[in-house]
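Using full-length UniProt numbering, you'd call the opening residue of the sequence shown number 1 and step up by one each time.
Glycine residues also receive a C-beta, built at the ideal position from the N, C-alpha and C atoms.
Quick caveat: nothing in here was measured; it's all calculated off a predicted structure.
Reading through the structure tokens given below for one structure.
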Amino acid sequence: MARASARHILVSSEEQCNALKQEIENGRDFADVAKQHSSCPSGRQGGDLGSFGPGQMVPEFDKVVFSGELNKVHGPVQTQFGYHLLEITSRT
Numbered sequence: 001m002a003r004a005s006a007r008h009i010l011v012s013s014e015e016q017c018n019a020l021k022q023e024i025e026n027g028r029d030f031a032d033v034a035k036q037h038s039s040c041p042s043g044r045q046g047g048d049l050g051s052f053g054p055g056q057m058v059p060e061f062d063k064v065v066f067s068g069e070l071n072k073v074h075g076p077v078q079t080q081f082g083y084h085l086l087e088i089t090s091r092t
């Protein structure tokens, strides 16, 4: 079964999500941005979601995490919780 590890940042608006993505792409550390801005409890761990399989996260996550490029910031990805930036750290 496929497994992936990822981290994410959750915010309430697409505009904020895009602004944070730009900061990361300009060299700011993903984990630092997550700790400062993410409204998800995982933000305290730099956005780390640990390891999970298909179907354990919302479908919008699965689509990106199990097909997107590794170690690249993806998003904004909209879910019922808000807007996410995702970084896939590993996948098997």
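- Between K35 and L85, the C-beta gap is not smaller than 8 Å, which leaves the two residues out of contact.
- In the displayed model, F30 falls within a helix according to three-state DSSP.
- Going by beta carbons, E87 and N71 fall inside the 8 Å limit.
- Put simply, the backbone Cα of G43 is about 8 Å away from that of L10.
- In the structure shown, E69 adopts coil according to DSSP, grouped into three states.
- Using a Cβ distance threshold of 8 Å, G55 and D62 count as a contacting pair.
- L20 is bridged by DSSP to nothing; it lacks a bridge partner.
- Bounds of the beta strand (DSSP E) holding T89 are G82 to R91.
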